[in-house]
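Written below as structure tokens is the structure these notes are about.
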Amino acid sequence: MAVLSLCVETPSVKFGVPLSHLRRCGQMRQGLPLVLTEMVQFLDKHGLLINGLFGVDGKVKQYQELKKSIHNGGFPEFDFKDVHPLASLLKFFLKALPGGLIPELHGKQLLQVFQDAKEEERNTSMRRILNTLPEEHLNVLSYLLFFLSRVATKSQQNILSTENLAMVFGPAIFRAPTVVDEQQQYNTLMLHLLDNITHLVPEMYPQPSASNDEEGVQHLLLTELKSKPPASGRLGQMKKRLRGFWRRFCYCINSSE
């Protein structure tokens, strides 16, 4: 099994550590964990059309090998048919984040606004709360939501509608409540995030221009939000970093040809 280096400077990639720790250890690029972007890019290229991508647990042996390789600083080159272990590991990465991707306090505030706010004020209030998340958390949440929205566009093939994805990722995004009914409320909140994504978070996900997913992602471009975040402030700085990243990425691709 071939292994590609994820991070030359810090070869050890750990699960169950804060996102701020990954940033301090040099295991992030453009505000996103390297391990996360590697997993998502692989799933985007090879998994969007696979039935039950996130609903079927991967084989235990492959899952453990994958996890061990990433802990040791590499990324196994799985065949495109072996995406379920990687999908399971993505869910584990999110669940293992200390305090959760959306911490308990933020989750309760979002749920209260979602349930009590007037419809015309709901998304504005929710976006204000999301903007108070630690920067690394907001980056990952945005990146993940836009990826899941792409998964949902292939729901006829993968049987993963936004409703199904909300049930799968609700417990991974929010700290798991002890009451089943409360978890269902958070799953409904997760569905709202997916259905209102462009109004709630900045776009952090490169979109493929190729229409044929079976041929893989041939070309990537960063699209703008329909509802653009301000040019200044944290969201504006985030978009400036993304533009800089994209220019460097294109330069590297052109230089290698």
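Using the numbering used here, the first residue of the sequence shown is number 66, and each one after it goes up by one. Glycine included, every Cβ here is placed at the ideal spot set by N, Cα and C. The model shown is predicted, which means the values in this text are computed figures rather than measured ones.
Leu-97 counts as buried, since at least 16 other C-beta atoms from the protein chains shown sit within 10 angstroms of its C-beta.
Judged by beta-carbon spacing, His-171 lies within the 8 Å limit of Leu-198, meaning their Cβ atoms are closer than that value.
Looking at Phe-234, Asp-109, Asp-147, the one whose alpha-carbon comes closest to that of Ile-167 is Phe-234. One thing to note: Pro-150 has its Cβ no nearer than 8 Å to the Cβ of Leu-176.
Nearest C-alpha to Ile-238 among Tyr-128, Tyr-208, Ile-135, Ala-217: Tyr-208. The bridge partners DSSP lists for Arg-94 are Leu-97. Residue pairing from DSSP places Ile-167 in a beta bridge opposite Phe-239.
Counting C-beta pairs closer than 8 Å gives three or more between the region 257–265 and the region 224–231, which meets the contact rule. Boundaries of the alpha helix (DSSP H) around Glu-184: 184–195. About 7 Å separates the beta carbon of Phe-158 from that of Val-100, a gap short enough to meet the 8 Å contact definition. It is roughly 25 Å from the alpha-carbon of Gln-222 to the alpha-carbon of Glu-268. Under the three-state reduction of DSSP, Met-269 is assigned to coil, being neither helix nor strand. Between the C-alpha atoms of Asp-147 and Met-104 there is a straight-line separation of about 12 Å.
The C-alpha of Asn-204 lies about 21 Å from the C-alpha of Arg-187.
For Pro-199, the three-state secondary structure derived from DSSP is coil. Scanning its chain for C-beta atoms nearer than 7 Å, with the 5 sequence neighbours on each side dropped, one finds around Asn-252 the residues Ala-231, Met-232, Gly-235, in chain order.
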